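Q: After the structure tokens below, expect a handful of questions from me.
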Amino acid sequence: KSGFVELEKASNNLLGICIGGGAPQCPILYISQVFDNTPAFNSGILDPGDELISVNGCSCRGWSRGELAKFIQSIQGNVTVEYKKIDCDLEEGKSADIFLKKL
1 KSGFVELEKA SNNLLGICIG GGAPQCPILY ISQVFDNTPA FNSGILDPGD ELISVNGCSC
61 RGWSRGELAK FIQSIQGNVT VEYKKIDCDL EEGKSADIFL KKL
């Protein structure tokens, strides 16, 4: 399953996600953590393990985590994130970060 979510940035200019993967080690970028009481958390849509496909219509495939973070911080106003849900059942106590590193 994939889709889009529009997020209004917090007053600190952040969405409330931690990004995993990215160039040069990993071909995809994904959400490794969603922080409580942030725009990403409050959306109720984004979860750890979701692949980040594009941000504001710009494909982020092949980017590093740092490149994506800088791009998100440079955006004025709302941020539209295209995501793809990962198809797995995480074992209790295991993070999506550990699961994705095994793929």
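Number 21 in full-length UniProt numbering belongs to position 21 of the sequence shown; there are no gaps in the numbering. Every residue, glycine too, gets a C-beta built ideally from N, C-alpha and C. All values derive from a computational prediction rather than experimental measurement.
(1) Report the CB separation of residue 16 from residue 38 in whole angstroms; it is logged as a contact under 8 Å.
(2) Compute the beta-carbon to beta-carbon distance between residue 28 and residue 19, rounded to the nearest angstrom, for a pair I have assumed lies under 8 Å.
(3) Considering only residues of the same chain and omitting the five flanking positions on each side of residue 54, which have a CB-CB separation below 7 Å?
(4) Residue 121 and residue 79 look like a contact to me (Cβ under 8 Å); what is the Cβ gap, rounded to whole Å?
(5) With respect to the alpha helix (DSSP H) encompassing residue 68, which residues constitute its N-terminal and C-terminal limits?
(6) So, using beta-carbon positions, are residue 24 and residue 34 closer together than 8 Å?
(7) Let me know if residue 93 comes out buried or exposed under the rule of 16 or more other beta-carbons within 10 Å of its beta-carbon.
A: To lay it out plainly:
(1) 2 Å
(2) Incorrect: roughly 11 Å between the Cβ atoms, too far for contact.
(3) 60 and 82
(4) The requested residue 121 is not part of the displayed model; the chain covers only 1 to 103.
(5) 65-74
(6) no
(7) Note that residue 93 has pLDDT 49, beneath the 50 cutoff, so the model's placement of it is unreliable and the number below is only indicative. By the C-beta density criterion, residue 93 is exposed, having fewer than 16 other C-beta atoms within 10 angstroms.
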